[in-house]
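Please read the structure below before turning to the comments.
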Amino acid sequence: MFKYLATASAIAMATTAFAQEHDHDHDHHDEDVTLYRVFVGDHAGGSVTALDLADPDHRWQFDTTGQVKLFGVAGGATVAAVQSDDNAVHFFSSGISFEDHGDHADIAVSDPAAIDTVLTGPRPFHVVDHGGSVIINYDQGGYAELIDAHHLSHGEVELTTFTQSQAHHGFVALLGGNLLSTVASDVVDAPRLGLQAFNADGTPAGELATCTAIHGEAFSGAYLAAGCREGVLTATASADGVTYNMLPYEADLPAGNTTGTLLGSTGIQVFLGNYGANGLVVVDPVDAPHFRYIELPFRRVDFALDPVHPANGYVLTEDGTLHQVNLLEAALTGSVKVTEPYSMDGHWNDARPRLAMAGDEVIITDPNAGLLRRIDTDTLRETGTIAVEGAPYNIAVVGGSGIDH
Amino acid sequence: MTSTQAAPLQVVATFSIIGDMAGEVGGDLVDLKTLVAPDADAHVYEPRPADAMAIARADVVLTNGLEFEGFLSRLIAASGTDASIIALTDGLPTMEEPGGGHYHYVNGEAIFHAGAHDPHVWQSVENAKGYVANISAAFCAADADNCTQYQANAADYSARLDTLDAQIRASIDALPADRRTVVVAHNAFRYFEAAYGVTFLSPQGVSTEGEAAAADVAGLIREIRAANAGAIFGENISDTRLLERIGEETGLTLSGTLYSDALSGADGPAPTYIAMMRHNTSAITAALTAE
């Protein structure tokens with residue numbers, strides 16, 4: 001049985017604290033409904049648990065080939081389970097899908113389900129969901145697969161392949177009418193060279209933009225940003241192609257560090273990136289200063305941006321403290337102890353907490369405790385825990401608030 | 001006893017046209033920041049951290065409303081502001097977007113959703129006077145001590161707008177009745193059309209966000225020919241390439257630039273609302289008068 005909700009979009013509604021007066025009144029009785037669905041991968045691999053946040057006992061179990069990294073894609077209708085060490089990508093219909101009606105969208109809610117098509121290829125890694133395509137880079141294959149996001153939201157996996165000149169740990173993203181791909185050197189062990197625009201058939205559509213050892217990508221507003229040794233490279237689409245701008249690291253930043261992971265705000269045109277193990281950097285792609293540094297008391301374990309309160313982000317440090325980050329102030333504005341310490345020493349893929357946002361909550365996996373921890377973003381208090389079998393590790397949350405017709 | 005100078009009212013205007021009006025009413029009594037600059041498109045603007053910080057500090061935020069500023073709700077959420085958020089189209093007569101509302105079906109039940117309203121309300125000078133009245137009221141509510149001055153400024157500005165309105169009417173009325181159709185990039189002039197009697201044809205809807213569909217463009221070309229449109233204009237916020245293609249199909253060459261949703265820079269022909277309306281009227285009448 002399907003349950004229908006109406007919403008401007010799950011994310012948009014979730015991020016809207018202010019509603020403009022307008023005449024989109026519905027001539028029927030509506031009811032506000034909030035639904036978040038959480039997908040959690042087990043650290044040992046081979047298993048994904050899905051559950052409704054409002055009713056955590058309402059849950060589903062899925063098998064995968066190995067350990068997953070989870071991404072909510074196609075507007076949250078689908079969850080991609082990327083298994084880099086096992087050369088596979090599974091997809092799950094999240095059970096929350098959207099139908100656009102112009103000024104609003106309805107969403108249909110049903111049970112989540114595994115999509116039959118499983119992608120296989122040499123070391124799938126970065127997933128970029130932008131511009132109507134979900135693009136998976138195969139780091140050891142020298143290619144990326146493009147999946148039509150609309151069809152994927154209906155459980156259909158339609159693939160086209162983009163071939164790179166060299167296999168490398170990189171990404172491909174759709175920007176305007178071009179595919180932007182990281183470009184690697186043909187010299188063994190040389191750092192990646194930068195970013196270049198290509199036509200769909202693989203022919204270059206512009207010059208290489210140097211971005212040495214390019215890693216990490218995020219979209220915010222009109223910009224794609226990526227971390228480089230020299231700084232952060234931004235790219236924007238225009239009628240004349242792609243425009244690049246290198247934002248060099250400024251002299252007042254701690255020397256010897258770079259940005260390699262970026263998150264893009266959905267609310268204001270700004271990025272939050274890592275900067276060394278003990279720091280974060282707020283990146284403004286337009287106005288100077290382009291970088292504002294935030295020092296952390298301990299090394300960073302994971303960080304996330306808050307789509308409901310776009311000025312805020314959250315970072316967990318290895319002492320088990322969750323810090324609220326204000327991007328406008330470039331400062332930590334609150335801290336709370338949430339887990340036992342998780343040292344960043346040891347293997348990079350040891351079981352450590354991961355963060356995801358669900359409305360007014362931060363959901364934190366606590367692998368050693370076998371729990372999801374729910375932290376209220378207003379009070380920074382733990383409002384509850386959810387037990388998950390095994391070692392809950394990577395996490396994705398889909399859903400939002402809407403109107404029930 | 002010494003008197004202290006009160007701090008100026010902190011005002012944020014979302015885009016240049018509202019910013020100009022706010023400056024006319026507020027004068028030196030307000031510290032004004034305008035988010036979307038001259039020649040920039042508010043339909044697709046992406047807010048910056050500095051914008052959120054300005055709104056966080058603001059006493060009054062002046063917006064157009066009617067979903068013109070698609071970025072606004074995200075920005076206000078980001079800022080956490082306590083400012084008064086004023087939609088200047090509140091209480092003004094507005095037009096529903098072409099196409100109106102729509103039905104969709106849920107469990108067999110037909111549900112009607114009313115359409116959005118065309119946000120370009122300022123394109124009628126009479127409506128602009130409504131904006132000015134709303135600005136004055138907002139400033140008085142936030143800064144009662146200076147209300148008399150705000151009202152005096154508004155009255156002076158409204159008198160100049162009355163003169164402007166009369167000038168536009170006289171200019172358009174002088175055109176031959178069969179020379180009153182022009183083409184422009186996006187459908188931003190419906191209020192001008194209703195107020196002054198010039199018909200505007202556009203390949204793009206009331207927002208610049210979506211691209212014109214090929215079928216719509218083909219239909220527009222037929223419409224241009226049927227209406228014997230006399231001129232085609234670019235906009236300061238839009239690319240002109242599509243218009244140039246339409247011009248090639250219809251035998252029209254670009255007659256200049258209209259300022260629809262944003263003022264020009266200080267050195268341009270439309271640095272204020274009054275200059276913008278005069279420029280647009282002059283450009284339209286000159287093109288339609290020319291043989």
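Chains as they are written, first to last, in this note's numbering: chain A, 1 to 405; chain B, 1 to 291.
We put the CB at the ideal spot given by N, CA and C, even for glycine.
Assuming residue i and residue j make a contact with CB atoms under 8 angstroms, what is their CB distance in whole Å?
i	j	result
A:Leu-406	A:Ala-74	Residue 406 of chain A is absent from the structure shown; chain A starts at 1 and stops at 405.
B:Pro-38	B:Leu-263	5 angstroms
B:Pro-230	B:Thr-181	As written in the sequence, residue 230 of chain B is Gly, which differs from the Pro given in the question. At roughly 6 angstroms, the Cβ-Cβ gap stays under 8 angstroms, so B:Gly-230 and B:Thr-181 are in contact.
A:Val-316	A:Val-301	Note on residue identity: the sequence assigns Leu, not Val, to residue 316 of chain A. Contact flag correct, Cβ pair sits at about 4 angstroms.
B:Thr-14	B:Ala-42	7 angstroms
B:Leu-252	B:Val-183	7 angstroms
A:Thr-163	A:Gly-202	6 angstroms
A:Ala-190	A:Phe-198	About 21 angstroms; that fails the 8 angstroms criterion.
B:Ala-141	B:Ser-84	7 angstroms
A:Ile-294	A:Ala-235	Between A:Ala-235 and A:Ile-294 the Cβ distance is about 25 angstroms, and since that is not below 8 angstroms, they are no contact.
Could you tell me which chain B residues have their CB closer than 7 angstroms to the CB of residue i, listed as they occur along the chain?
i	result
A:Pro-310	Arg-74, Ala-77, Ala-78
A:Asp-63	None at all; the shortest Cβ gap to chain B is about 34 angstroms.
A:Ala-286	Per the sequence shown, the amino acid found at residue 286 of chain A is Val instead of Ala. Arg-48, listed in chain order.
Determine whether the Cβ of residue i lies closer than 9 angstroms to any Cβ atom of chain C.
i	result
A:Gln-324	Among the protein chains in the structure shown, which are A and B, there is no chain C.
Counting only Cβ pairs nearer than 9 angstroms, list the residues of chain A close to residue i.
i	result
B:Ala-52	Gly-267, Ile-268, Val-270, Pro-310, Ala-311, Leu-327, Leu-328
Consider the Cβ of residue i: report whether some Cβ of chain A lies at a distance smaller than 9 angstroms.
i	result
B:Arg-241	yes
B:Ala-58	no
Can the beta-carbon of residue i be found closer than 9 angstroms to that of residue j?
i	j	result
A:Thr-259	A:Val-232	yes
A:Ala-184	A:Leu-175	no
B:Val-25	B:Phe-192	no
A:Gly-221	A:Leu-262	no
B:Ala-283	B:Ser-255	yes
A:Ala-277	A:Met-357	no
A:Glu-230	A:Thr-243	no
A:Gly-279	A:Pro-254	yes
A:Leu-272	A:Phe-291	no
B:Leu-62	B:Val-121	no
B:Ala-166	B:Tyr-273	no
A:Phe-39	A:Pro-112	yes
B:Leu-29	B:Gly-65	no
B:Ile-246	B:Ile-232	yes
A:Ala-44	A:Ala-311	no
A:Ser-47	A:Phe-62	yes
A:Val-398	A:Ser-94	yes
A:Thr-385	A:Asp-366	yes
A:Gly-267	B:Arg-74	yes
B:Arg-57	B:Gln-10	yes
A:Gly-141	A:Ser-165	no
B:Met-95	B:Ser-79	no
Hey, does residue i have any beta-carbon neighbour from chain B nearer than 9 angstroms?
i	result
A:His-24	Low confidence applies to A:His-24: its pLDDT is 44, below 50, so where it sits in the model is not reliable enough to give any reading.
A:Gly-221	yes
A:Val-282	yes
A:Ala-17	Because A:Ala-17 sits at a pLDDT of 27, beneath the cut-off of 50, its placement in the model cannot be relied upon, and the following sentence gives the value as read from the coordinates. By this cut-off, A:Ala-17 is an interface position.
A:Gly-400	no
A:Glu-21	With a pLDDT of 33 at A:Glu-21, under the threshold of 50, the modelled position of that residue is not reliable, and the figure given next carries that caveat. It does: the Cβ of A:Glu-21 has a partner Cβ on chain B nearer than 9 angstroms.
List the residues of chain B whose Cβ lies closer than 9 angstroms to the Cβ of residue i, in chain order.
i	result
A:Ala-239	Asp-239, Arg-241
CB of residue i to nearest heavy atom of the ligand MG: below 8 angstroms?
i	result
B:Met-21	No copy of the ligand MG occurs in the structure displayed, which carries no ligand at all.
Could you pull out every unbroken alpha helix (DSSP H) segment of at least 4 residues lying fully inside the segment 221 to 278 of chain B, listed in chain order? 241 to 250
Where in the segment 74 to 145 of chain A do unbroken runs of the beta strand (DSSP E), each at least 3 residues long, occur, reported from the N-terminal end onward? The qualifying runs are 78 to 83, 88 to 93, 96 to 100, 105 to 109, 124 to 130, 133 to 138.
Taking only runs of the alpha helix (DSSP H) that begin and end inside the segment 308 to 376 of chain A, which ones reach a length of at least 4 residues, in chain order? Counting whole runs of 4 or more residues, the segment 308 to 376 of chain A contains no alpha helix (DSSP H) stretch at all.
Taking only runs that begin and end inside the segment 181 to 247 of chain A, name each unbroken beta strand (DSSP E) of 3 or more residues, in chain order. 194 to 198, 215 to 220, 223 to 227, 231 to 238
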